Amino acid sequence: MASLNSIVLNVLLYFVFLEAIIITSIIASLNSQEYDRIKNLPGQPKSPPISQFSGYITVNEDHGRALFYWFFEAQSESTRKPLLLWLNGGPGCSSIGYGAATEIGPLRVSKNGVGLEYNKHSWYKEANLLFVESPVGVGFSYTNTSSDLSQLNDEFVAEDAYNFLVNWLQRFPQFKNHDFFIAGESYAGHYLPQLAELVYDRNKLPTKYPNVNLKGFIVSMQHFYFKLDHINS
966 MASLNSIVLN
976 VLLYFVFLEA
986 IIITSIIASL
996 NSQEYDRIKN
1006 LPGQPKSPPI
1016 SQFSGYITVN
1026 EDHGRALFYW
1036 FFEAQSESTR
1046 KPLLLWLNGG
1056 PGCSSIGYGA
1066 ATEIGPLRVS
1076 KNGVGLEYNK
1086 HSWYKEANLL
1096 FVESPVGVGF
1106 SYTNTSSDLS
1116 QLNDEFVAED
1126 AYNFLVNWLQ
1136 RFPQFKNHDF
1146 FIAGESYAGH
1156 YLPQLAELVY
1166 DRNKLPTKYP
1176 NVNLKGFIVS
1186 MQHFYFKLDH
1196 INS
């Protein structure tokens, strides 16, 4: 009986220890999120209130490579609305300077360039919006290994984008189970399907990779292949 009680006690202690680790991890993630929170920006309208975050996500520690992001929680019911990752194309076009600040983000640079104005048509009314400057070298995204900048093929970019997404979801674990969509335009006609394929393939290997709840992707004014893109021009 004493042996049985000891086993039961050890099992209970194991689960208590495991729960403590999980809670500690969640708290650490939430604290990390708050370091990235933007309370307000210069020239930002006082209303409506906008919950936004910005910072760096490391995608390759050995090379010192990190991608810069700007994230807006949905205007309402952010806990149930989907998460949407937006990528501009180019290649080399800033998702912050274009996608976020002039197209679908809730804040736009005013016409005279001295302030911000609210975008009443922003997609953040329907989704949590995540903008990332990709590939490395675009906007504020950087690498400490100069040779990376000569390796920027589509496979390289997809791998970095995947690592960004997985690591971002570790910082924002409350969005891990949300429906996830990828959207973008122009050369993102390459970035999006290649990232989607990588997520799809790795979701089939749950012992090696975390699950990403991918539901689909949206491409606007896509650039797939020059001759086909201009067939009706």
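In my numbering, the protein residues as written are 966 to 1198. Cβ atoms here follow ideal geometry from the backbone N, Cα and C, with glycine treated the same way. It should be emphasised that the depicted structure is a prediction, and the values quoted were computed from it without experimental measurement.
Please classify residue 1108: is it buried, with 16 or more other beta-carbons within 10 angstroms of its beta-carbon, or exposed?
Numbered from its first residue, the sequence shown carries residue 1108 at position 143. So residue 1108 counts as buried.
Given a threshold of 16 other Cβ atoms within 10 Å of its Cβ, counted over all protein chains shown, does residue 1068 qualify as buried or as exposed?
Working through the sequence shown from its first residue, we reach residue 1068 at position 103. Buried, because 16 or more other Cβ atoms sit within 10 Å of the Cβ of residue 1068.
What do you reckon, is the C-beta of residue 1173 under 7 Å from a heavy atom of the ligand PLP?
This structure lacks the ligand PLP; in fact it carries no ligand of any kind.
Exposed or buried, residue 1121, counting other C-beta atoms within 10 Å across all chains shown (16 or more means buried)?
Locating residue 1121 in the sequence shown gives position 156, where the first residue counts as 1. Burial call: exposed.
Let me know the secondary structure DSSP gives residue 1232 once reduced to three states.
This structure leaves residue 1232 out entirely; the chain is present only between 966 and 1198.
In three-state terms, what does DSSP make of residue 1116?
Position 151 of the sequence shown, counted from the first residue, corresponds to residue 1116. Residue 1116: coil per DSSP, three-state reduction.
For the segment 1035-1054 against the segment 1087-1094, do three or more pairs of beta-carbon atoms, one drawn from each stretch, fall closer than 8 Å, so that the two count as touching?
Judged by Cβ distances under 8 Å, the segment 1035-1054 makes contact with the segment 1087-1094, as three or more pairs qualify.
Please name the residue or residues paired with residue 1149 in a DSSP beta bridge.
Counting from one through the sequence shown, the residue named residue 1149 turns up at place 184. Answer by DSSP bridge pairing, in chain order: 1052, 1184.
With distances taken between CB atoms, is the gap from residue 1053 to residue 1149 smaller than 8 Å?
For the purposes of this step, residue 1053 is identified with residue 88 of the sequence shown, where counting begins at 1. For the purposes of this step, residue 1149 is identified with residue 184 of the sequence shown, where counting begins at 1. Yes, the pair counts as a contact, with Cβ atoms nearer than the cut-off.
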